[in-house]
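Okay, so here's the structure we're looking at.
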Amino acid sequence: MSKEIQELQKRWQAVLETVHSNSHVVAFMNSRVGRYLDDHPFLTLSLVVFLAASAIPVAFFLFFVVATTVIACVGVIIMEGLVISMGGVTLLCVLGGLGMLSLAVSAVVSVCYLSLTTLLNYWLTPNVLSKKEIANGSSFIPSSPPALDQDATNKKSE
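Count along the sequence shown from 1, then add 1335; that gives the number in our numbering.
Structure, rendered in structure tokens:
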């Protein structure tokens, strides 16, 4: 058993020698913080344990942040598409309703126009023609309206 422990100790010494010979480790150990941690081994051990223990929760938190960001972006894109689609359907319904309303108003105005012009032609026909003849369509309706000014009519007859 002591032979196995000695072999393990040699391997450990080789790993430590490799770490201590690294240029980044040498630069850190020559810095102010490195010398302080070298003088206080309990604080160094506490710091290493804290960093090792906090690595997993920090990794989970970073995964949560990335996942939440991705889900939020996808959700915003889906939500935006949904809102734009609903707005387009609403616009289509409003424009269809306005089209039907404009057709209805045009029909009412056309019917009113035709009715008024027919009534005005019927009421303003010359008194020479009887209303029965006009209704039968057998009489001639002059294309020019009757003269409203009696003086002009009198001058023409003279």
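Idealized CB from N, CA, C, for every residue including glycine.
By a beta-carbon distance limit of 8 angstroms, M1364 does not contact D1374. Their separation comes to about 11 angstroms. The beta carbon of A1390 is closer than 6 angstroms to none in its chain, skipping five residues each way along the sequence. DSSP places N1357 outside any alpha helix (DSSP H), giving it a letter other than H or E. Secondary structure at L1459: coil, using DSSP grouped into helix, strand and coil.
The C-alpha of L1451 lies about 12 angstroms from the C-alpha of V1443.
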